[in-house]
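Notes follow the structure.
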Amino acid sequence: MTELSEKFAIDGAVLLKGILDPREVATLREGIDANLANPSPRAKTASGADDPGRFVEDFCNWQDIPQYQDIIFNSRLPAIAAELMSSKTVRLHHDHMLTKEAGTRQKTPWHQDQPYYNIEGRQNVSMWIPVDPVAREMTLEFIGGSHRGPWLMPRSFMSKEAKWFPEGSLADLPDIESDRDAYPILGWALEPGDAVAFHMLTLHSAAGSAQRRRVFSVRFIGDDALHTPRGWVTSPHFPGLADRLPAGAPFDDPLFPKVWADGHALGLPV
Numbered sequence: 074m075t076e077l078s079e080k081f082a083i084d085g086a087v088l089l090k091g092i093l094d095p096r097e098v099a100t101l102r103e104g105i106d107a108n109l110a111n112p113s114p115r116a117k118t119a120s121g122a123d124d125p126g127r128f129v130e131d132f133c134n135w136q137d138i139p140q141y142q143d144i145i146f147n148s149r150l151p152a153i154a155a156e157l158m159s160s161k162t163v164r165l166h167h168d169h170m171l172t173k174e175a176g177t178r179q180k181t182p183w184h185q186d187q188p189y190y191n192i193e194g195r196q197n198v199s200m201w202i203p204v205d206p207v208a209r210e211m212t213l214e215f216i217g218g219s220h221r222g223p224w225l226m227p228r229s230f231m232s233k234e235a236k237w238f239p240e241g242s243l244a245d246l247p248d249i250e251s252d253r254d255a256y257p258i259l260g261w262a263l264e265p266g267d268a269v270a271f272h273m274l275t276l277h278s279a280a281g282s283a284q285r286r287r288v289f290s291v292r293f294i295g296d297d298a299l300h301t302p303r304g305w306v307t308s309p310h311f312p313g314l315a316d317r318l319p320a321g322a323p324f325d326d327p328l329f330p331k332v333w334a335d336g337h338a339l340g341l342p343v
């Protein structure tokens, strides 16, 4: 285990300085701008109509945006994911674009990601990669060590509904904001080219943003990840997947290409 993977195993979140070079940052920025100009049917606005800014998200666009493909398959991301997960293989699970326009008040509330997903397994990592400078007060924050469990109730961000697991089946999140000093909160100011990597069970949150904050997030899974169909619509949703990929099966499907195996990048599938 490397020093970086050991820190990831302990804290569930690590800072990655300069993992993309200037060309890659420019490529990713171009891809995000193309995505914003032509959002997919999966895109959604996650802020209210009265918000002076706007928080927009889009999912699962790697097959349609060549700039995303370039970063996912040709950058250092797969190698770093393998290191952090201590996994021989790395698969792409999905990509996620998150943009908070200047003046957005909408906060991203504290939550874990994995309860929203169709994934069982401990070997996973998300990379949150901004293409704009992100000040410490507007960055993603984490509760160190929270990835060790338990799973907590996922709720819709704006209406706070328990749309995924039945009400009462999982414990609710503690009120972290009422006593921040009681928690090991981690967070870093970021420059373009930097990223943070975090486990899908690590509690995390973000404030609104006074400046424009364009972010690309890519979710990777490792050797032990298994498909777990849910009785509800996951986020993101994969229509028809359960018909061809049974419960408990590895993610061996064209939607989830391998990007790393046995110490080598595999490149874009053909």
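Numbering-wise, my numbering comes out as the position in the sequence shown, counting from 1, plus 73. Every residue gets a Cβ at the ideal spot worked out from N, C-alpha and C, and that includes glycine. Just so it is clear, the structure is predicted and the values come from calculations on it, not from any experiment.
* **Top-ranked residue by Cα proximity to residue 205, from 321, 93 and 333** => 93
* What first and last residue would you give for the beta strand (DSSP E) that runs through residue 98? -> Per DSSP, residue 98 belongs to no beta strand (DSSP E); it is in the alpha helix (DSSP H), 95-110.
* Would you mind reading off the limits of the beta strand (DSSP E) that contains residue 206? => Segment: none, residue 206 is in no beta strand (DSSP E) and carries neither H nor E.
* **residue 214 versus residue 322 - alpha carbon distance** => 33 Å
* Beta-carbon spacing of residue 170, residue 130 below 9 Å -> yes
* **Residue of 265, 257, 218 and 165 minimising C-alpha distance to residue 90** => 265
* Contact between the segment 176-189 and the segment 139-146 (3+ Cβ pairs under 8 Å) -> no
* Answer yes or no: do residue 269 and residue 211 have a C-beta to C-beta separation smaller than 9 Å? => no
* Could you give the DSSP three-state label for residue 147: helix, strand or coil? => helix
* To do: Check the DSSP bridge columns for residue 201 and list the partner residues they point to.
  => 269 and 290
* Cα-Cα separation, residue 86 to residue 122 -> 33 Å
* residue 249 - DSSP class collapsed to helix/strand/coil -> helix
* Limits of the unbroken beta strand (DSSP E) element including residue 361 -> In the structure displayed, the chain extends from 74 to 343; residue 361 sits before or after that span and is not available.
* Is residue 276 near residue 216, with beta carbons less than 9 Å apart? -> yes
* Best match in 320, 297, 157 and 292 for proximity to residue 304 [C-alpha to C-alpha] -> 320
* Which residues mark the beginning and the end of the alpha helix (DSSP H) in which residue 213 is found? -> Taken as a continuous stretch (DSSP letters only), residue 213 belongs to no alpha helix (DSSP H), being part of the beta strand (DSSP E) at 213-216.
* Identity of the residues DSSP links to residue 277 by a beta bridge -> 184 and 215
* **Short Cβ contact (9 Å threshold) for residue 157 with residue 198** => yes
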